[in-house]
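Step one of this worksheet: look at the structure below.
This is the structure in structure tokens:
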């Protein structure tokens, strides 16, 4: 599963000064940000014509830069990339922080940190009527004749993968930050009934189960 930042156009505030119209802008390039449970950094972009300040309403998320202004009188509009730093989400729930950008105008942007890791295969089944209720279930069902499968995930810190079943054996169990495709050996299911096991992916103190079922 890949989550993308949603972009919006610049919201421009036109104000009048004496008899002349002046162009003013204070906005975010992104509309909303999603971060995974083990993710501790992302990047946002602020667009401005005037001096600005940037704050977060929640201590788990902090912008690396909290104020700025135009770098040169030659320009009347600038865009700046700013890193945002987050603590790992080990609460088991989606949490929200709101960034507020104050300049000539005021803009706000929500940042959600979801309670699970970035697992790409198997595909998730995401549930929850609101962002706060957002949950993901990762389940892979295999035929009895399948002897090996592959899972894929992206982790943002050193990670481990463990199994609770003897018949369910990952080829690797320790990982560095980045994208990984891991072979998982199952062997044929000769029991005559469905069997189930769980692979547990853990990164930065957050864990997400991957359920494996074999007919």
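Residue numbers (our numbering): 12 to 226. Even for Gly, the Cβ is constructed at its ideal location relative to N, Cα and C.
Along the beta strand (DSSP E) that carries residue i, what are the first and last residues, could you check?
i	result
residue 149	146-153
residue 88	Segment: none, residue 88 is in no beta strand (DSSP E) and carries neither H nor E.
residue 42	41-46
residue 205	Element bounds for residue 205: n/a, residue is neither H nor E.
Apply the 10 Å Cβ neighbour rule to residue i and answer buried if 16 or more other Cβ atoms are within range, or exposed otherwise.
i	result
residue 106	buried
residue 255	Here the chain covers residues 12 to 226 and nothing more, so residue 255 does not appear.
residue 218	buried
residue 152	exposed
residue 114	buried
residue 124	buried
residue 126	buried
residue 117	exposed
residue 128	buried
residue 36	buried
residue 159	exposed
residue 60	buried
residue 32	Only weak support exists for where residue 32 lies, its pLDDT of 44 falling under 50; the value from the coordinates is given anyway. By the neighbour-count rule (16 or more Cβ atoms within 10 Å), residue 32 is not buried but exposed.
residue 70	exposed
residue 34	exposed
residue 99	buried
residue 82	exposed
In the DSSP output, what is residue i paired with across the bridge?
i	result
residue 64	78, 113
residue 96	52, 73
residue 226	Per DSSP, none; premise fails for residue 226.
residue 219	212
residue 105	Residue 105 is not bridged to any residue.
residue 38	58
Taking residue i and residue j to be in contact with their CB atoms under 8 Å, please state how far apart those CB atoms are, rounded to whole angstroms.
i	j	result
residue 133	residue 157	At roughly 13 Å, the Cβ-Cβ gap does not stay under 8 Å, so residue 133 and residue 157 are not in contact.
residue 76	residue 93	5 Å
residue 227	residue 205	With the chain covering only 12 through 226, there is no way to say anything about residue 227.
residue 145	residue 136	Actually they do not touch by this definition, with Cβ atoms about 12 Å apart.
residue 150	residue 222	4 Å
residue 194	residue 182	4 Å
Looking at the C-beta of residue i, does it have a partner C-beta in chain C at a distance below 8 Å?
i	result
residue 53	No chain C appears in this structure, which consists of one protein chain only.
Starting from the N-terminal side, write out each stretch of the beta strand (DSSP E) that is 3 residues or longer and does not extend beyond the segment 115-200. Considered as a whole, the segment 115-200 harbours 117-124, 129-132, 135-138, 146-153, 159-166, 170-174, 189-196 as its complete beta strand (DSSP E) runs of no fewer than 3 residues, in chain order.
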